[in-house]
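Engineer: Have a look at this one before I ask anything.
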Amino acid sequence: MALPERFSNLPEYAFPRLRTLLAGISPAANPVVMTIGEPRHAVPEFTGRIMAESIHEFGKYPSNEGVPELLAAISGWIGRRHGIEVEPARITTVNGTREGLFNAALALCPEQKNGTQAAILIPNPFYQVYAVAAAAVGAEPVFVPATAETGFMPQFDQVAPEILDRVAITYLCSPANPQGAVASEDYLEKLVALAERHDFLIFSDECYSEIWRDAPPAGALAVATRMGLADRVVMFNSLSKRSNLPGLRSGFAAGGQAQIAQLRRLRSYSGAPLPLPVQRVSTAAWADETHVEENRALYHAKYAVADRILGNMPGYQSPEGGFFLWLRVPEQVGTGEDAAKKLWSEAGIQVLPGAYLSRDTAEGNPGRDYIRVALVDPVDPTEAALKRLKNCLYQGG
């Protein structure tokens with residue numbers, strides 16, 4: 001049976017595309033995979049103990065929105081991190097940010113806006129679930145370039161007013177995947193004001209917010225709250241990157257009470273509640289910052305390694321946050337796909353072509369000439385791999 005038409009134009013997901021691209025190419029010796037954003041640092045030491053202590057709770061149906069202890073821990077973390085009070089009624093647990101970002105569109109995007117098809121603004125490049133969510137609700141996806149010329153942040157205020165009046169949701173990721181750019185407080189204030197002026201919601205994907213370089217990134221919900229416009233933002237975060245627990249599938253959404261109530265209502269029918277042992281581990285993780293600081297220090301070391309090895313290469317941009325390098329491919333090498341094939345065959349380094357994280361538009365594909373490199377391995381293997389990458393792509397610099 002054919003897929004519904006609204007899904008037929010979605011490109012194949014990035015990693016199957018990469019497998020097809022590299023099929024038949026034998027990698028050089030000692031291959032290293034630097035494609036997927038899966039943290040490989042140690043999980044917090046308390047994880048196993050708490051899971052074991054609560055193992056019997058797999059025999060109980062869990063709370064759908066989150067047990068009171070977990071909601072209180074998340075509320076407390078938001079207060080310490082962002083300086084705002086978000087009561088538990090304005091928070092719901094989700095199975096990682098991907099599930100939350102998708103289901104929130106189902107729960108909160110109207111079928112029409114101002115009598116015509118609703119639109120959803122999406123940065124380009126972007127996390128691919130944003131486009132799938134737009135397709136699922138039948139909204140028009142509007143891809144807004146986030147390029148070197150814009151500081152790798154989408155300039156939503158440059159979108160035509162007639163489109164902005166149809167916008168129901170705007171997705172924003174800060175620190176950005178894949179570029180590592182961070183939205184300033186001034187940027188967020190302008191975006192919240194734009195949302196109020198044109199009556200749309202901001203879905204703020206902040207899953208990389210605790211991996212930062214010089215200063216903690218501003219949070220969209222905190223900015224909106226200080227502006228008296230908290231109902232304009234739904235904030236998403238998780239323990240995947242912050243606490244090296246991607247397999248726990250534990251995150252949250254927080255925002256205005258009406259928006260969260262609607263998301264809770266949808267999840268009561270279609271969402272999978274977090275198992276109680278997962279909620280117990282999550283409660284401890286949101287309450288502890290020591291493991292987060294230790295984790296961030298490991299990324300700081302890898303930022304320094306990347307700067308030292310690649311800092312003099314043309315077009316190199318050191319990330320402000322997150323754990324990806326967004327590297328422009330030298331002109332003589334070709335596109336990101338060309339670079340991915342060359343690195344795999346000649347250096348044994350597997351990277352992701354930037355075009356697989358972007359969408360073709362009338363202006364072209366902003367990821368065409370880039371590759372994404374994940375700095376998720378420990379520092380020594382990362383350093384060795386980046387040296388091989390440099391020698392292959394930049395001929396030693």
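At position 276 of the sequence shown (counting the first as 1) the number is 276 in full-length UniProt numbering, and the numbers step up by one without a gap.
All residues carry an ideal CB built from backbone N, CA and C; glycine is no exception.
The structure displayed is predicted, hence computed values, not measured ones.
1. In whole angstroms, what separates the C-alpha of Ala284 from that of Ile50?
2. If we count Cβ pairs, one from each stretch, closer than 8 angstroms, do we get three or more for the segment 364-378 versus the segment 320-329?
3. Given this structure, state the Cα-to-Cα distance separating Trp212 from Arg17, to the nearest angstrom.
4. Pick helix, strand or coil for Val167, following the three-state DSSP scheme.
5. So, at 7 angstroms on beta carbons, what are the nonlocal neighbours of Pro31 in its own chain, with the 5 sequence-adjacent residues on each side left out?
6. Identify which residue in Lys60, Arg267 and Ala168 has its Cα closest to the Cα of Gly115.
7. Hey, would you say Ala193 sits closer than 7 angstroms to Phe152, going by beta carbons?
8. Rounded to a whole number of angstroms, what is the C-alpha to C-alpha distance between Tyr187 and Pro330?
9. Taking Leu194 as part of the alpha helix (DSSP H), name the residues at either end of that continuous run.
10. Could you round the C-beta distance between Ile91 and Ala254 to whole angstroms and report it? I think they count as a contact, below 8 angstroms.
11. Compute the distance between the beta-carbons of Lys241 and Pro366, then report whether it is under 7 angstroms.
12. Classify Asp199 as buried or exposed, calling it buried when 16 or more other Cβ atoms lie within 10 Å of its own Cβ.
13. Given this structure, state the Cα-to-Cα distance separating Gly315 from Asp369, to the nearest angstrom.
14. Tell me whether the beta-carbon of Asn95 lies closer than 7 angstroms to the beta-carbon of Ala272.
15. Where Lys225 and Glu210 are concerned, what is the direct C-alpha to C-alpha distance, given to the nearest angstrom?
16. For Pro62, I'd like the list of residues in its chain whose CB is within less than 7 angstroms of its CB, leaving aside the five on either flank, ordered along the chain.
17. So what's Met51 in DSSP terms, helix, strand or just coil?
18. Out of Pro246, Ala52, Glu140 and Ala301, state which residue places its alpha-carbon closest to the alpha-carbon of Ala119.
19. Alpha carbon to alpha carbon, what distance is there between Ile260 and residue 398?
20. Note the first and the last residue of the continuous alpha helix (DSSP H) segment covering Ala284.
21. Note the first and the last residue of the continuous alpha helix (DSSP H) segment covering Thr93.
22. Per DSSP, which residues does residue 398 bridge with? Please list them.
23. Excluding sequence positions up to five away, which residues of its chain have a Cβ less than 7 angstroms from the Cβ of Glu87?
24. Considering Cα atoms alone, identify which of Gly24, Ala222, Thr35 and Val43 is closest to Met235.
25. For Asp231, which residues from the same chain have a beta carbon less than 6 angstroms from its beta carbon, with the 5 sequence-adjacent residues on both sides left out?
26. Does DSSP put Gln117 in a helix, in a strand, or in coil?
27. Less than 6 angstroms between C-beta atoms, sequence neighbours within five positions excluded: which residues of the same chain meet that for Ala157?
28. Whose C-beta lies closer than 7 angstroms to the C-beta of Pro246 among residues of the same chain, with five residues either side of it excluded?
Structural biologist: A quick look at the data gives this:
1. Translated into the one-based positions of the sequence shown, residue 284 becomes position 284. Translated into the one-based positions of the sequence shown, residue 50 becomes position 50. Here the alpha carbon of Ala284 sits roughly 9 angstroms from the alpha carbon of Ile50.
2. yes
3. Taking the sequence shown and counting its residues from 1, the one referred to as residue 212 is at position 212. Taking the sequence shown and counting its residues from 1, the one referred to as residue 17 is at position 17. Their backbone Cα atoms lie some 30 angstroms apart in a straight line.
4. As a first step, residue 167 is located in the sequence shown; it is residue number 167 there, counting from the start. Of the three classes helix, strand and coil, the one that applies to Val167 here is strand, per DSSP.
5. Taking the sequence shown and counting its residues from 1, one reaches residue 31 at position 31. Hits under 7 angstroms: Gly348 and Gln350.
6. Numbered from 1 along the sequence shown, position 115 holds the residue referred to as residue 115. Ranking Lys60, Arg267 and Ala168 by Cα distance to Gly115 puts Ala168 first.
7. In the sequence shown, residue 193 corresponds to position 193, counting from 1. In the sequence shown, residue 152 corresponds to position 152, counting from 1. Cβ distance not < 7 angstroms, so Ala193 and Phe152 don't count as in contact.
8. Translated into positions along the sequence shown, residue 187 becomes position 187. Translated into positions along the sequence shown, residue 330 becomes position 330. About 31 angstroms.
9. Position 194 of the sequence shown holds residue 194. Glu185 to His198 is the extent of the alpha helix (DSSP H) around Leu194.
10. Indexing the sequence shown from 1 puts residue 91 at position 91. Indexing the sequence shown from 1 puts residue 254 at position 254. About 5 angstroms separates the two Cβ atoms, so the contact holds.
11. The residue labelled residue 241 in the question sits at position 241 within the sequence shown. The residue labelled residue 366 in the question sits at position 366 within the sequence shown. No, the pair does not count as a contact, with Cβ atoms beyond the cut-off.
12. Your numbering for residue 199 matches position 199 in the sequence shown. Exposed.
13. Start at 1 with the first residue of the sequence shown, and residue 315 comes out as number 315. Start at 1 with the first residue of the sequence shown, and residue 369 comes out as number 369. In a straight line, the C-alpha of Gly315 is about 11 angstroms away from that of Asp369.
14. For the purposes of this step, residue 95 is taken as the residue at position 95 of the sequence shown. For the purposes of this step, residue 272 is taken as the residue at position 272 of the sequence shown. Against a cut-off of 7 angstroms, the Cβ pair of Ala272 and Asn95 comes out as a contact.
15. Position 225 of the sequence shown, counted from the start, is the residue given in the question as residue 225. Position 210 of the sequence shown, counted from the start, is the residue given in the question as residue 210. In the sequence on display, residue 225 carries Thr and not Lys. Cα to Cα, Thr225 sits roughly 20 angstroms from Glu210.
16. Position 62 of the sequence shown holds residue 62. If we look at Pro62 and ignore the five residues flanking it on each side, its Cβ neighbours are Pro273, Leu274, Pro275, Leu276 and Gln279.
17. Taking the sequence shown and counting its residues from 1, the one referred to as residue 51 is at position 51. Note: Met51 maps to helix in three-state DSSP.
18. Translated into the one-based positions of the sequence shown, residue 119 becomes position 119. Comparing Cα positions, the closest option is Glu140.
19. The chain is shown only over 1 to 397; residue 398 falls outside these bounds and no answer can be derived.
20. By one-based count along the sequence shown, residue 284 stands at place 284. Unbroken alpha helix (DSSP H) run through Ala284: Leu276 to Ala287.
21. Counting from 1 along the sequence shown, the entry for residue 93 is found at position 93. Careful: Thr93 lies outside any alpha helix (DSSP H), inside the beta strand (DSSP E) at Ile91 to Val94.
22. Residue coverage of the chain in this structure runs from 1 to 397, which leaves residue 398 outside it and unanswerable.
23. Here residue 87 refers to the residue found at position 87 of the sequence shown. Answer for Glu87: Ser75, listed in chain order.
24. Here residue 235 refers to the residue found at position 235 of the sequence shown. The option with the nearest alpha carbon to Met235 is Ala222.
25. Start at 1 with the first residue of the sequence shown, and residue 231 comes out as number 231. Excluding positions up to five away in sequence, the list reads Gly256.
26. Here the question's residue 117 lines up with position 117 in the sequence shown. Reduced to three states, the DSSP call for Gln117 is strand.
27. Your numbering for residue 157 matches position 157 in the sequence shown. A small correction: the amino acid at residue 157 is Asp; Ala does not occupy that position in the sequence shown. If we look at Asp157 and ignore the five residues flanking it on each side, its Cβ neighbours are Leu194.
28. Taking the first residue of the sequence shown as position 1, residue 246 is located at position 246. The answer, listed in chain order, is Glu38, Pro39 and Ser240.
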